Structure formats: C-alpha cells, structure tokens
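Participant: Just so we're aligned, residue 1 is where the sequence shown starts under the UniProt record's numbering, counting upward by one. Don't be surprised by glycine CBs; every beta carbon is placed ideally from N, CA and C. It should be emphasised that the depicted structure is a prediction, and the values quoted were computed from it without experimental measurement. Questions regarding the structure given below will be posed in turn.
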Amino acid sequence: MDTVKEFLAREGFNHFSFVVVIGSVVFGINLLGVFADIEDKEQRYFSCKTKGQEDKDFLQRTCFADYQAKNTRGFPLYGFVLLNVLLVIMVCFFYYQSVRSKLEDLEREDPEMQTNQSTLLYRRYCIQLAVRLTLGMVFRILQWIVLYPLNFPSKYACELSSDREAKHTNITSSDAANVTRSWYHCINEQAEKKTNCTIAFFAVNVIFNVFILLELIYVIIKAKINVYFREDLEFFNTYLLNKPKVTKKYVAGMKEKIKNNTKFYEPLLPNIPGEDRKLLELDKIYTNLIIYPGRVKHEFKGKRHEIFEGYLRSQESHQSINKIENIFAPEPGNPRKRPLSIMIIGRPGVGKSLLCLRILRDWACGKTFNEEAGEGKCFEFVYLFKFRHFNSDEKINLQQLLKRGHFAGAVANEVYQRILSHPEKVLLIFDGLDEFGKKENIVKEEEFGNNLAETLPFSALYSKLTLGKLFKGATVVTTSRPTALSYVSFPNKTFDRTLEILGFNSEQIATYVERFCEDFRKQKIWNHIRSNANLLSLCYIPVNCHIVCFSLQERLKRDEDNDVDYLPTTLTEIYEDALVLIVCKHNPQYRRSPPEQEKLLSSRYFDPEVEKSLNSLGEIAYKGIKEDRLIFESSEVKKHEESGLLHRLPNQQVDVIRHKEQYCFLHLTIQELLAARYIIKGKSLKELKSWISKHLREGKWEVVMQFVAGLLHHEEYVNSIVGTFITSLPPQMSGEASWPHFSNKELVIRLFKCIFEISRNSKNQWKSLVAENLSGVVNLDLSLVSLTDGDMTAIAFVLQEIKSIVSVDVSRNHITSIGWQEMYKLRKMSGCKLTTLNISDNQIGVGGLKHLPVALATNECKLTTLNIRNNQIGVDGLKHLSDALATNECKLTTLDIRHNQIGVDGLKHLSDALATNECKLTTLDISDNQIGVDGLKHLSDALATNECKLTTLDISDNQIGVDGLKHLSVALATNECKLTRLNISYNQIGVDGLKHLSDLLATNECKLTTLGISGNRIGDDGLKHLSVALATNECKLTTLDIRHNQIGVDGLKHLSDALATNECKLTTLDIRDSSIGDNGLKHLSVALATNECKLTTLDISGNQISVDGLKHLSEALATNKCKLTTLDISHNPIFDDEFKHLRHFFDAPATNNWKLKLLT
C-alpha cells in the first residue's frame, strides 16, 4: 500500500479523487483476498450425489470443472479483480508520471513567473478520469453480461456422457455403448458467498464509477463557467491542492470591511454626539448617474477649471450607460475585446468618487462582477486608490500599492501569487487624477524599468499599469476632472474607453429628493426645486442636489409653516445657506440656540470671532484656487480643523515612521464661496473692480466671480460693480449679423449669470445700464455653447431689458422644458419685438410645449418664425402646438418641426389646425417625422381647404411612397391649394409616384414653382415622365432638385430635350450625384446652347465628369445663347490644369455680357 501511495502522489489528485482512487484500490485488494479464499475452498465444498459404480472423485472434479466453465467462462474472479485493480493503478501511475514535472514546476515556481497559461494539467487530469470511467464501465459490462452470471447457482445438474464415464468405472464397452448420458445433482456450498462478494464488487465499483463521472462533470462545468480554471496554476492550486482558502479568506475579509465601512452615505454635516440625525444608507440614497460613452463635445478654454453648474448634455449618436457592468462591456461587434484602460471624466461633484465607491460596494455585496452574478466581467479582486494619498516622493511596487487600497490591508504572498497569475481578474480604480500633486511626472515613466518587484514613484507605477507595461491584462479605471486630461496624454497610446458622467436628469433628481426626504417634506422640496430652473439645473450635479435638499430640509424643519417662496433659489443663496447651516451645527454659540440659528440664517452676519475664522479660511481657499491646490497641510489650516468646512484626508506617509496630516475643503464650491467672501472683505472698491477685470476671462475663477456678484448685495457699492459687469459685455461689431461673436459667447453667458446673481438686490439700476449698452443688438446668437436651464434663467432675466432684439438663436444646446419655460418671459414682456426664435436641437420635449398655447395667444407675443426641430416633442407636444396655431392671437407664419417623431397622430392634430381660418402658417417643415401614407392623407385634406395658407412645404424623408403621393397629388390639383414650393425628397416614390406627380404638374391648377424630389430612385424612366411635363405650357416649375437619383445618360437626354423647349421654364437645376458622366453632360450641353433653355444655375457636382465632358460644356458656354451664371462642377475627376477649358469664362469675355460664378 505504501508503494501504491508513493507511485500515486497526493499532489496529482484532488482530495476527493485521491480518496476514490485509494478506496477503489484498497477495496479491490481486499476483495481479491476474499475471492482467492473462495476459489481455494470452493472445490472442497462442491459435492455430487453418485448412483453406485461411479468414481466419486472423478465425478466431482469433472462436474466442478463444468460448473466453473459455465459460470466463469474460464476466467477466475480473483483474476478479474486483480486485473481491475492493476489497470486502475496503471492509469493513475501513467497520469501522474506524465504531469509529475509540471507539478514540481508549479510547486517551486517564483510568484513573478506564475503567468503560464498552459492547460496541460487540466486536460490530462480529465483524460485519466475519462479512461478510469471507461474501464469501469467496460469491467462492469464484462462482469455481468459477458463473464459472470448475476447469481452463482448453489445447485448444479451435471451431465456426463457414456464415454467419459466408462474410463473411470467398471462398465464394459458393450454396456457403455448402450448408455448415452447421465445426470448428477451437485451442490456448491460457496455459491451464495461468491454471489454476495460478486454483487458487492459490482456495486462498490459502480459507486466509484459514479464518483468519477460526477467529478468529471464537475470539472468540465467548472472550466466552462470559469475559463481560468483550466490553467495549470489555477487548477493546481484551487482544485488539486484546494489552496484558495487563504485567498478566499482575504477576499471575504476585504469585502466585509468594504460593506461595513460604506454602508452609509457621507453626511454633509458630521454627526454630533447626542444629536439625533438619521444617516442615509448608500444603497437607498444612491441614484444612477447619466454616463455617456466618449466625451461630450465641449472645451474648457482657460475658463474655471471646470464648468460647475449642473446640466445635461446629450448627443444623438450616444446612448447613456445605465448599468455599472456596461462600463466594462466589450466593444460592439467585438465581444472578445474588453477595455483594459478606462477614463471616466466628470465635473466636480458630479459623482465620480461616489461611482467608484458604488462599484467597490456592489462587488463586495456580490451584486456584480462575481461569477454568481452572471453579468458583466468577473473580477475576483477590486482595489480603490485615491490619487491624493500618493502625493509624497515615496517609491512603491505593485504589492505595496495593493496594500494601500481602500479597506485592502496586507496582501499575503499566496494571495499576491494568485493576483499575479490572473491579472484579468483584477480591477484597479484610481480616483481623482486632478488631485494628484505630481501629475506632470506621469508621462515620464520611460525612465524606469518594467519589473514588478522594482519600487517606482507612484506616477510611474500608475502610468505603466495604465499602459499595460506592468501587470498586463488588468483592468485600470481612472477618474478625473477634464482639466487634468492633458497629464495623461501618452504618446502613441490612448485609453481604450473614455466615459463622461453628466450627473442627474430631472427624473433622477426627483428620485433623489424622494430618497433623501422620507417624510412629508419631500413633495414640498421637490415642488420648490422643479419650479425654479436655476435651482433645478444646480441639482443636475449630485453634490449640489445633496446640498440643496439638505438646506431646504433644515429650513423646513425649523418652521413647518414656512412659505415656499422664501426658500433659497440662486447659486449664492444656496451655498450661503449651506455655509450658515454648517457653522450653526459646529459653533457652540449657534449649535444649541434655535433663535440664534434663525437670526444667522436670515441675516447671514456672523459673530465677529466666527467671521474672523471664516475670513482666515477664505484666505486659505483663495490661495488654493490661485495656486491650483485642493489639498492643504495641517500647518496651513491650524485652528480650523473642527470648523466643519474641512475634510480630513488619510495621513500622507512621509517615510516608514512619519506621517503627515492632510485636509481639503468639504467641497470645491465651498472653497470657492469662502474665497469670494475673502475677496469682498479684503479689497477696496477700486481693487475689487480691478480684480474682476483681471480675472473675468480666467476659467478657474468663474464660480468665484458669480459668488462675488451674489455676495455684493450686502455692500454699499453694488451699483458700481454691476456697472463693471455690464460694461464688460462685448459690443456688437459693425458688419456682424448677430451678437455676440462666437469667441465671446462664453464671456457673455458668464456675465449674464453674474448680473443675475447681483441683480436680486441692486434695485433695478442694472436695467438701464443693460438697455443702454446693448441697445443695438437685434439678433442674439447663443447657439452651440452648451447652454443649460440654469443659464436660460439668467439669459431670459437679462434679455428682458434689451428691447431691440428681434431674433434669438439658442439652438444646439442642452435646454429642457424648464429652460424653455424661461423663454416664455421674453415673449410676454412689454415692448418685446421678438419675431424669430430658434431653439432647435435641444431637449424641450412634450413638457416644454405644454404651456405654449397660452404664451403664443398673448397680444404681446409677436413671434412669426419658430424652429423647434429635433426636440422630441412627439404627438402630445404637437397637439399643444396645434392648439396654439388655431388661435387668432398666434402670429406664426413659419414653423420648423422636423425630426420630432410626430407620426400619423401628431400630423392629424396639425392638419386640423392648418384647416382653420385662424392659422397663419405659410411655411412648414415636417421632414423626418415618420408621418407615412395615413399622415399625408390628413395633411392633403387640409391643403385642399380654402382656409389653409401654406405655400411652402417640406415633407422629405417620411416614407410616404407612391400611395402617399397620390393623396398629395389630389390636393395639389385643387384650386384651393396654394403650395408653390414642395420638397418630397427621400420618400421612395419611385417611377410610379413620379408619373402621378408629372401628370399633376402638367395641369393648369398646379401652382408649384419649386420641386425637390432627390433620393427617390426615379431613374431614367421616372425622369422621362417628368420631362414630358416640363415641356408643357401648363407646368410652372422654375427650380428642380433631382440629385441622388441615378438617372444616368438616357434620363438626362429626356431632360435635355425638355430644357430645349420654349415651354420649359426651369432656371435652376440640381442633378448632383446622379452618375450622368461625360455622355450625359454632352446631351445637357446641347440644350444649354439653345436659345430656348433658360437655366441660370446648374449643379452637376459628383457626376463622374472628366475633361471630355468639360469640353462639351465649354462649347455650350461659349455660345451667346447659354444663360448660365452659376455653375458647380465640384467633386468630379477633373484636375486643376484641365480647367483651362472654362478659364476664359471667369472674367466676362467679349462674347458674353455676364460673369460666370464657378464652384469647383
């Protein structure tokens, strides 16, 4: 047995498997002895009853031999058992010898070398299991089907022939000839014992075989669930040696610490002993953030280090990430390629750190990243590091870094060995790149080697981990404010994935408020927030939302009957209120005196000693912003540690023994508020104006500047500062169609917000200054500047005083229904001249149009042109708009609502309005709205009424098809229809549809002069029908767009023939991208050279025209009969030197009286 154990070393088998192997061998050996004993005694206990003259010994020997031959097939049981045992031993022996060297290598391999991903051990282990299982099944089949009976009989009828019997008896030959066969009754006294042992042997081996089968199934399933299980080191440690207990204990302990230490959301105010303040649980208060793939397109050009006010920014091509697992999801179309380096960007307070904490907690709680969760990528180890904890000059290696992860603790060598062997199972999260004091050293990693054991500066270690030069395969997540991105601009390498956190949307704000206030106050607080656009936009930033909720809740707690109108609304009011609350809770003078608290809350004047402390903190805050610092040493904040305005960070390790205390302000905006207070308190009027003028364009002072404006309502010289802000507004330059210039848009918005903050207590002196300085502004253009609802509050507030404004463009921003409601103030104000408003490409939605009928139905509203394309207004939104159009007061004549998903039902509401006498619309664009055939029928019915005044209609890209065009043709053929301009491009009308339209154009009733049918696959046949109509006297078309229609040479010949007729009235023709080629241009040139052709503008770009075609065109242009003044031949295979054929037409040659405008 010891020899067997020596050959079958324990290291080669799992505990369970080893027991099965040894058990089967031991059982087989023991049973071998039993069967040998049975075989030895069986003949002695085998007896037959004789008839008289027989040789009894011969008879019993012969009958026993027959018995054995019939029941054992000549193969004794002990031999069968011996063969069974030997084969099991041999299979296990050969398996062990085949993997012995691999096992020895795995046992002694250095942790740095444990990256071998071979699966040899797993494969050979499975093979030996399969061979043992197969042998077991074969032996069981041989035992009971081939070799041995199910039951050894104890009674046996033995048959002997005469000749065999005659040899051993006195029977003569003549007598024997008369004897044929004799039967003898025999008894085997060992049969029952033999049967029982055989059954036991069979049953036990079946059980062993079941164990082998179960183990094989388990191993295969385990490998399928976890592909790393197959790798040699993983299989050796976790299955054969069952060693992950240390790792599991480490991970379990780490998870437990995370769960215990992240249970509660960090409160705005630390709990005070004896105070009953309910802590908010992170799992309950946490609200999902809006996270977008890539960067939202905006830049921070020298402004405050980030735009801080809350707003949402969306892009059509992006879908928000609503699950944490999706952050790590593979690229679309490439499921095997997962991002290993991820950058998460966000403004201050937007939730970057909270997201990191949530990832850590979800992993610890088993909600994600685990095999059991079944979603996303599986991480066995997740570590969180704060950049600000590594601002010293110390050098560390990977093992030392892991030890300093949040709630991680020491990493044992065995755990570290497992981590190194499976980097793909490790997630490293580095939070707050912008707070790292040595950012500039990150790109200098080339100065150091790529050895994991080597200690490196943290900046180099982080860089190498991110680039995959160290610990390749690990997933590295970095969070940062946008201003720090330049420090990780690695040469020849970008992050595999970049995400931007945008904060909350309005629904998530409502959810957050509900979770924050679990009592009757939540509805009052939410009503107040959503009714103030500026306040609601602040709440798009999660930390702002927390401060707002906390501030409003504290006010309501002190006076449950407080009128909501007295709750704070502006940026300054909110944070000033938060500052007062913090001081109230931490200063002994206020803490236990509600009257003193209320006095402070209403006056905002602090006790002199408290004011002195705040001013000192303000100086520190000011210095920090000036020097771009967020972290301060204990010596800098001495005596202010318990102010409640500072947050103590984990100690910074200076060396092995010494540590240094670090502090930061409760939040960046609190730091900016204190800095603004310090600026106001410490500067004279002249100095303050000088400071404002100097820093007005510096991004890092943007919010400080707003606080300065908001805080000035306590100062006597507020009017002078208002003047400084207003006179800093850039003037409108001569020749500019709109104001402000693109380069000044951000400055104007910043100044508007400062004016809004200060105007609350300036007694209207600012109004006359604004009116005077901006009296010449007619067209305001604030498009493409990422405007938010909060911005719209300030913009609408200031614009009310600019009476000269006729047009406002705030398109392509991030305005929602809240900001849109602010624009109502402009349309209702006295003396307003606003006639044109462009708010396209925003997110005003249905809610934004809900109150539109009331706004447009006022006599003060003079809007005639409204562009709200791409705003997701839908059916319900269009119904609100249609109600407004049907009123007599509404003056709209031009409306653009393209790409709004209005559908059939929406167009029905609009059609009803168009058919009313009150509706004044003459121009309508409803392209790309999925109106279909049914929708167009409703519109056609309206067009055929005398009340409908539409003259211009764009219904392109609406899938109306042939059937839809039939309905439209019926309307166009009526005297009541007034349409002169129609665009039905990209509607799949085809040849048949164009035939209906062509028949209509040839009628006297049709009034169309401009027609767009591009992208409709009309082909040569369709153009043939159209050409017939163009050649009629009834057709009134002067402008035709047939681009993107693959009309070819034949189709162009038909068109050219029509152009050469006196009846054809076309002056403008667009046939770009139609593959007409040189031959097609030849036909067109012939028409251009006729006196009848009236074309003055021609676009033949993108038509595969070469120099040969250009020669034909040149010949036509050289004639006096050609009337072209504008020609576009761009995007054709013509080189610059080949334009010589047209060169002489540029400068009005003597043969012509016009000058050709050539577009190439």
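(1) The beta strand (DSSP E) spanning E619 covers which residue range?
(2) Flag K626 as yes when its Cβ comes closer than 7 Å to any non-hydrogen atom of the ligand PLP, and as no otherwise.
(3) Can you look up E500 in the DSSP assignment and give me helix, strand or coil?
(4) Let me know if Y265 comes out buried or exposed under the rule of 16 or more other beta-carbons within 10 Å of its beta-carbon.
(5) Are the region 508-520 and the region 341-356 touching, with three or more C-beta to C-beta distances below 8 Å?
(6) Since T922 and T952 are thought to touch, with beta carbons under 8 Å apart, how far apart are those beta carbons, to the nearest angstrom?
(7) Among the residues of its own chain, which have a CB less than 8 Å from the CB of C356, if the five just before and after it don't count?
(8) For H996, collect the residues of the same chain with a Cβ closer than 7 Å to its Cβ; drop the 5 residues on either side in sequence, then sort them by chain order.
(9) Take the Cβ of I127 as the centre, count every other Cβ of all protein chains shown within 10 Å, and call the residue buried at 16 or more, exposed below.
(10) Per DSSP, V808 forms a beta bridge with which residues?
(11) Can you check which of these residues, A223, F707, D789, is closest to S759 by C-alpha distance?
(12) In the DSSP assignment, the alpha helix (DSSP H) including N773 goes from what residue to what residue?
(13) What does a CB cutoff of less than 6 Å around F458 pick up in its chain, not counting 5 residues either side in sequence?
(14) Pick helix, strand or coil for K660, following the three-state DSSP scheme.
(15) Spatial neighbours of A130 within its chain, please: C-beta separation below 6 Å, excluding the five flanking residues on both sides.
(16) Look up H1025 in the DSSP assignment and say whether it is helix, strand or coil.
(17) So which of L1066, Q988, L1113, L1084 has the shortest CA-CA distance to H1044?
(18) Please report the distance separating the alpha-carbon of A857 from that of D781.
(19) Cβ of N871 less than 8 Å from any chain C Cβ?
(20) Taking 8 Å as the cut-off, does the region 40-49 touch the region 206-217 (at least 3 CB pairs, one atom from each stretch)?
(21) Quick test of your reading: residue 1166 and S783, contact by CB under 8 Å. State the CB separation rounded to the nearest angstrom.
(22) Which residues bound the beta strand (DSSP E) around T633?
(23) Once DSSP output is grouped into helix, strand and coil, what is the label at D565?
(24) With a 10 Å radius around its C-beta and 16 neighbouring C-beta atoms as the bar for buried, classify S174 as buried or exposed.
(25) Which whole-angstrom value is the C-beta distance of N615 and Y678, which I expect to be below 8 Å?
(26) Helix or strand or just coil, what does DSSP make of W183?
(27) Threshold first: 4 residues or longer. Then list the alpha helix (DSSP H) segments lying entirely within the region 846-924, N to C.
(28) Quick one: residues in its chain with C-beta nearer than 6 Å to the C-beta of N983, no 5 flanking neighbours on either side, listed in chain order?
(29) I need the straight-line Cα distance from E231 to E11, nearest angstrom please.
(30) For F27 and V88, I'd like the C-alpha separation in whole angstroms.
(31) With a 10 Å radius around its C-beta and 16 neighbouring C-beta atoms as the bar for buried, classify residue 1177 as buried or exposed.
(32) Can you have a look at R750 and say buried or exposed, based on whether 16 or more other CB atoms are within 10 angstroms of its CB?
(33) Cutting at 7 Å between CB atoms, please list the residues of its own chain near S17, excluding the five before and the five after it.
(34) Starting from M705, trace the beta strand (DSSP E) both ways and give me its first and last residue.
(35) Classify residue 1193 as helix, strand or coil using the three-state DSSP reduction.
(36) Under DSSP, the beta strand (DSSP E) around S480 begins and ends at which residues?
Facilitator: With the structure as the only source:
(1) Counting from 1 along the sequence shown, the entry for residue 619 is found at position 619. According to the DSSP assignment, E619 belongs to no beta strand (DSSP E) but to the alpha helix (DSSP H) extending over 608-626.
(2) This structure lacks the ligand PLP; in fact it carries no ligand of any kind.
(3) For the purposes of this step, residue 500 is identified with residue 500 of the sequence shown, where counting begins at 1. Strand, per DSSP.
(4) For the purposes of this step, residue 265 is taken as residue 265 along the sequence shown, with counting starting at 1. Around the Cβ of Y265, a 10 Å sphere holds 16 or more other Cβ atoms; the residue is buried.
(5) Counting C-beta pairs closer than 8 Å gives fewer than three between the region 508-520 and the region 341-356, which falls short of the contact rule.
(6) Here the question's residue 922 lines up with position 922 in the sequence shown. Here the question's residue 952 lines up with position 952 in the sequence shown. Correct: roughly 7 Å between the Cβ atoms.
(7) Stepping through the sequence shown from its first residue, residue 356 is reached at position 356. Short of 8 Å from the beta carbon of C356, and not among the five residues preceding or following it, lie these beta carbons of its own chain, in chain order: L384, I429, D431, V477, T479.
(8) Locating residue 996 in the sequence shown gives position 996, where the first residue counts as 1. Same-chain partners within the cutoff: L965, K966, S969.
(9) Start at 1 with the first residue of the sequence shown, and residue 127 comes out as number 127. Exposed, since its Cβ has fewer than 16 Cβ neighbours within 10 Å.
(10) Here residue 808 refers to the residue found at position 808 of the sequence shown. Answer is L780, L837.
(11) Along the sequence shown, read from residue 1 onward, the residue named residue 759 stands at position 759. With distances taken between CA atoms, S759 lies nearest to F707 out of A223, F707, D789.
(12) If you number the sequence shown from 1, residue 773 lands on position 773. Run containing N773: 765-773, per the alpha helix (DSSP H) assignment.
(13) Counted from its first residue, the sequence shown places residue 458 at position 458. Annotation for F458: F390 place their beta carbon closer than 6 Å to its own, counting only its chain and skipping 5 residues before and after.
(14) On the sequence shown, position 660 is the one that residue 660 refers to. Note: K660 maps to strand in three-state DSSP.
(15) Indexing the sequence shown from 1 puts residue 130 at position 130. Apart from sequence neighbours up to five positions away, no residue of its chain approaches A130 with a beta-carbon distance below 6 Å.
(16) Here residue 1025 corresponds to residue number 1025 of the sequence shown, with the count starting at 1. In this structure, H1025 counts as helix in the three-state DSSP scheme.
(17) For the purposes of this step, residue 1044 is taken as residue 1044 along the sequence shown, with counting starting at 1. Closest by C-alpha distance to H1044, out of L1066, Q988, L1113, L1084, is Q988.
(18) For the purposes of this step, residue 857 is taken as the residue at position 857 of the sequence shown. For the purposes of this step, residue 781 is taken as the residue at position 781 of the sequence shown. Distance between the alpha carbons of A857 and D781 is about 25 Å.
(19) The question asks about chain C, but that chain is absent: this structure has only one protein chain.
(20) Contact between the region 206-217 and the region 40-49 is absent, because fewer than three Cβ pairs lie under 8 Å.
(21) Within the shown structure, residues of the chain are numbered from 1 to 1160, placing residue 1166 beyond reach of any answer.
(22) Position 633 of the sequence shown holds residue 633. A small correction: the amino acid at residue 633 is Glu; Thr does not occupy that position in the sequence shown. Where E633 is concerned, the enclosing beta strand (DSSP E) starts and stops at 631-633.
(23) Numbered from 1 along the sequence shown, position 565 holds the residue referred to as residue 565. Residue placement at D565 is flagged as unreliable, the pLDDT there being 48, under the threshold of 50; the coordinate-derived value follows with that caveat. Helix at D565.
(24) Numbered from its first residue, the sequence shown carries residue 174 at position 174. Any reading at S174 is ruled out, since the residue's pLDDT is 47, under 50, leaving its predicted position unreliable.
(25) Numbered from 1 along the sequence shown, position 615 holds the residue referred to as residue 615. Numbered from 1 along the sequence shown, position 678 holds the residue referred to as residue 678. Taking a contact as a CB-CB distance under 8 Å, the pair N615 and Y678 counts as one, their CB atoms being some 6 Å apart.
(26) On the sequence shown, position 183 is the one that residue 183 refers to. DSSP places W183 within a strand segment (E or B) once states are collapsed to three.
(27) If we require 4 residues or more, the alpha helix (DSSP H) runs fully inside the region 846-924 come out as 852-856, 874-885, 903-914.
(28) In the sequence shown, the residue the question calls residue 983 occupies position 983. Within the same chain, N983 has close Cβ partners D954, S956, G1012.
(29) Walking along the sequence shown from the start, residue 231 turns up at place 231. Walking along the sequence shown from the start, residue 11 turns up at place 11. Roughly 16 Å between the two C-alpha positions.
(30) Indexing the sequence shown from 1 puts residue 27 at position 27. Indexing the sequence shown from 1 puts residue 88 at position 88. F27 and V88 have their C-alpha atoms some 12 Å from each other.
(31) Because the chain in this structure spans residues 1 to 1160, residue 1177 falls outside the shown range and cannot be described.
(32) Here residue 750 refers to the residue found at position 750 of the sequence shown. A residue is called buried once 16 or more other Cβ atoms fall within 10 Å of its Cβ, and R750 is buried on that count.
(33) Residue 17 sits at position 17 when you count from the first residue of the sequence shown. These residues qualify, in order along the chain: E215.
(34) Counted from its first residue, the sequence shown places residue 705 at position 705. Note, M705: premise wrong, no beta strand (DSSP E); alpha helix (DSSP H) at 702-711.
(35) Residue 1193 is absent from the model: the chain starts at 1 and stops at 1160.
(36) Sequence index remark: in the sequence shown, residue 480 carries index 480 (1-based). S480 -> beta strand (DSSP E) spans 475-480.
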